[in-house]
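Student: Protein sequence lines correspond, in order, to chains A and B.
Residues in the first sequence are numbered consecutively from 990, following my numbering.
Residues in the second sequence are numbered consecutively from 209, following my numbering.
In this text, a Cβ means the ideal position worked out from N, Cα and C, and glycines have one as well.
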Amino acid sequence: MKEYAIGFGINRYLSYSRLLIKSSFAYKTDFAIKLLLRIANPIIMLFVWTAIYSATHTSAINNFSLYQISIYFFIIAVVNSVAPSVSWAMAGDVRSGGVFTSLTRPIRYVSNVFTADATGMLVDTLTLGLPIFILLYFFLHLNLTLLSASLFLLSMGMMYAIAMMIEFLLGFFSFFTTDIGGIINMAYFIISFFGGGFVPLNLLPPSIAHISSVLPFQFMIYFPASILTGAVSPSQLFSMFPLAALWFVALLAANFVIWSRVRRHIDAVGV
Amino acid sequence: MEYAIAVERLSKDFRTYKTEHGKKVFLASLRRKYYMKKALRNVSFVVKKGEIVMLLGENGSGKSTLIKTLVGILHPDSGEVRVLGMDPWKERIKIAWNYGMVSGAHGTLFNDLPAIDTFEYVRDLYEIPRPEFRKRLAYFIRILNLKDVYKKQVRTMSMGERMKCNFIASVLHLPKVVFMDEATIGMDLPSVINLREAILDMQKKYSTTFFMTTHIVDEVKALARRVIIIDRGRVVFDGNKTELLGLYGNKKYFEISFSKQPKIRLGRYGKVVSRGKGYVKLEIDPHIIRTHKINTLLNDRHVLDYNISDPDLSSVLVRFYKTKRKVV
Ligand SMILES: Nc1ncnc2c1ncn2[C@@H]1O[C@H](COP(=O)(O)OP(=O)(O)OP(=O)(O)O)[C@@H](O)[C@H]1O
Ligand SMILES: [Mg+2]
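1) Which residues in chain A have a C-beta closer than 9 Å to the C-beta of PHE222(B)? List them in chain order.
2) Among the residues of its own chain, which have a CB less than 7 Å from the CB of LEU1131(A), if the five just before and after it don't count?
3) So what's ASP325(B) in DSSP terms, helix, strand or just coil?
4) Is the CB-CB distance between ALA391(B) and VAL511(B) below 9 Å?
5) Among PHE1183(A), SER1196(A), SER1091(A), which one has its Cα closest to the Cα of PHE1212(A)?
6) Buried or exposed: which applies to ILE995(A), given that a residue is buried once 16 or more other Cβ atoms fall within 10 Å of its Cβ?
7) State the start and end residues of the unbroken beta strand (DSSP E) segment that holds ALA247(B).
8) Given 8 Å as the limit, tell me if GLU390(B) has its C-beta closer than that to any heavy atom belonging to ligand 1.
9) Buried or exposed: where does PHE1063(A) fall if 16 or more other Cβ atoms within 10 Å of its Cβ makes it buried?
10) In chain order, what residues of the region 1010-1038 of chain A put their CB closer than 8 Å to some CB of chain B?
11) Could you name the residues that DSSP lists as bridge partners for ALA1049(A)?
12) So the candidates are VAL1083(A), GLY1259(A), PRO1073(A); which of them puts its Cα closest to the Cα of ALA1152(A)?
13) With respect to 8 Å, is the separation between the Cβ of ALA1257(A) and the closest non-hydrogen atom of ligand 1 below this value?
14) Less than 9 Å between the beta carbons of LEU380(B) and SER1004(A), yes or no?
15) Would the beta-carbon of ALA247(B) be found less than 8 Å away from any heavy atom of ligand 2?
16) Which residues bound the alpha helix (DSSP H) around MET1145(A)?
17) Please return the same chain residues whose Cβ sits closer than 8 Å to the Cβ of ILE1121(A), not counting the five positions on each side in sequence.
18) Relative to the C-alpha of PHE1165(A), which candidate in TYR1042(A), LEU1136(A), ALA1257(A) has its C-alpha closest?
19) Taking Cβ positions only, does TYR430(B) come closer than 9 Å to chain A?
20) Please classify TYR1056(A) as buried or exposed, where buried requires at least 16 other C-beta atoms within 10 Å of its C-beta.
21) Please classify MET395(B): does DSSP put it in a helix, a strand, or coil?
22) Find the residues of chain B that neighbour LEU1204(A), judging by a C-beta separation of less than 9 Å, and give them in chain order.
23) Taking ARG1253(A) as the query, report the chain B residues whose CB atoms sit under 8 Å from its CB, ordered along the chain.
24) Would you kindly work out how many angstroms separate the C-alpha atoms of ALA1044(A) and TRP1038(A), rounded to a whole number?
25) Can you give me the start and stop residues for the alpha helix (DSSP H) that MET1175(A) sits inside?
26) Is it buried or exposed, GLN1207(A), if we count other Cβ atoms within 10 angstroms and call 16 or more buried?
27) Does the count of Cβ pairs from the region 388-403 of chain B and the region 438-445 of chain B closer than 8 Å reach three?
28) Over what stretch of residues does the beta strand (DSSP E) that includes ILE436(B) continue unbroken?
29) Whole angstroms are fine: how far does the CA of MET1034(A) sit from the CA of LEU278(B)?
30) Figure out for me which residue from HIS1046(A), ILE1096(A), SER1201(A), ILE1155(A) has the closest Cα to the Cα of ILE999(A).
31) Do ASP508(B) and LYS485(B) have their beta-carbon atoms positioned less than 9 Å apart in this structure?
32) Residues of the region 309-330 of chain B with a CB closer than 9 Å to any CB of chain A: list them in chain order, please.
33) Can you tell me the Cβ-Cβ gap for LYS1011(A) and LEU452(B), rounded? I've got them flagged as a contact below 8 Å.
34) When you check each C-beta in the region 1071-1088 of chain A against every C-beta of chain B, which residues fall closer than 8 Å?
35) Which runs of the beta strand (DSSP E) at least 3 residues long sit entirely within the region 275-307 of chain B? Give them in chain order.
36) Please list the terminal residues of the continuous alpha helix (DSSP H) segment that includes TYR1002(A).
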């Protein structure tokens, strides 16, 4: 045994990740059912927007065609498969005592949570995100170029980073209150509303779109979802970079402050 | 020398609130009355390397809180804590390499997988070389009589099996200090006895320090020389088990069963503590045993059998808990 080894010790987290993958296949979770649930929403949206477009007798609302809007909602299903969900994991840890176990091992709780989520992300991307993307490519004839594909990946990276920060922030709330489910769902509603989850941001009334344009939520849904529709140009995406970076840093700092407070008052929920 | 554990004037309060019942629940949840619960008050003690210390006390006396503070999960409000010379709050991870936590309340096993997967995870976590890992695992599996159990999905294990595997997962890295918080609940007798042997064995071979809590008196008898008792967060006893046993005077119990009440007045020998049909239990001074007085009694033809025993730990503990006397 190593005496006083500290440091990153990536192997320890990789071993944990391997265990989780094994764990997730312990029950043959019906990936087909999960997949159907994921694409149910975009299919409903397809019906709704078809009705709207035919009722208004237009082929494009704010330069957004029905075809584009269909792609938009299907990509959101892909985004949701990749997006982190550490808040729920942390709420579960608080309830099940998983925090206690982590804190008695030579590992960092936050890194452990991240590892678990990244593992889940890999599994979900392969079993849900990718299949939906392939369906999209063949059935909706997605126009994929090297440029649009790289921009899409870039926007997904931004989504992942910012969503992770917000998820951790939400997760830390579960250390202050045992009834966190309501708070998370409320937050998801706000994120969806201002992020373009219900209606693409470019179709929102200008006043709301204006508020959205300074919030971080647009990076979590609207940008990755609309890149492949062609509604967002490369230069538009790049111009948003400083704002995204600013939000990321601010949220990261908030996380650091809150985590150190949480650690100190961890008994609030009873570990 | 450096102590395994050193605690000085440690205090810890919990901010908590009363939960209302019945109709008031809703209103109470709107405006909670918070108050401070003193879980540890001015706790001081040291534990030498290689010692086995039993931490005793009634439910809610602060045992688990103390252990959680010792391993750096909880932040002390005041006082100093050192484990292997380090501050557990500031150097939690460094210390975590060197202790093992076995908790009856918190399992460390992955429920959806066989226990062996958790063991291998522990191997990677503490960087235990593979041959060494196999050797240790074989040892624990033999001693705890687990044969093929560890290949079963944890979810489908019996409670005792889970407890045993939990113990293994927490000590595979042969830590210098092992904290055990009611870690044997649900284990069968042969396993418990083997586990005690394993503990004594680890203490002898590796000078492992054990700091444990239990409500099982047999465990205290078998393992501890030193006992610390806490009551409402305060240390009320810290000393040898024999000291604890002698706390209420150096008495012995003298039990006799008889076919017919002997002529001799039994009260002469000591206090009658219990009496049944053809049976009596006396609390006596040990020196009486050596006097001729006792012989007269034993030679009485109505006496069928007798037994002399030390006061047992459970009765001392019950008495101690009841009186809540502050001893140290
Ligand atoms: N997180 C917490 N918040 C508020 N109060 C707490 C918390 N944890 C423990 N307590 C209270 O502090 C006291 C000590 O609890 P602790 O768990 O240390 O007792 P214990 O000695 O381990 O008891 P047991 O023998 O039942 O395990 C109890 O009164 C308990 O209700
Ligand atoms: Mg306890």
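Tutor: On the basis of the coordinates in this document:
1) ASP1256, ALA1257, GLY1259
2) ILE1060, LEU1125, LEU1217
3) helix
4) no
5) PHE1183(A)
6) Any answer about ILE995(A) is weak, because its pLDDT of 48 lies below 50 and its placement is not dependable; what the coordinates show is given next. Looking at its Cβ environment, which holds fewer than 16 other Cβ atoms inside 10 Å, ILE995(A) is exposed.
7) 242-255
8) yes
9) buried
10) LYS1011, SER1012, ALA1015, TYR1016
11) SER1054(A)
12) PRO1073(A)
13) yes
14) no
15) no
16) 1135-1162
17) LEU1024, ARG1027, ILE1028, PHE1063, ALA1066, VAL1067, SER1070
18) ALA1257(A)
19) According to the sequence displayed, residue 430(B) carries Ala and not Tyr. Answer no: the Cβ-Cβ gap between ALA430(B) and chain A never drops below 9 Å.
20) exposed
21) coil
22) Residues of chain B passing the Cβ test: none, with the nearest at roughly 31 Å.
23) HIS283
24) 10 Å
25) 1170-1184
26) buried
27) no
28) 434-439
29) 55 Å
30) ILE1096(A)
31) no
32) MET309, SER311, ALA313, HIS314, GLY315, THR316, PHE318, ASN319, ASP320, LEU321, ASP325, THR326, GLU328, TYR329, VAL330
33) At roughly 48 Å, the Cβ-Cβ gap does not stay under 8 Å, so LYS1011(A) and LEU452(B) are not in contact.
34) GLY1086
35) 286-291
36) 999-1013
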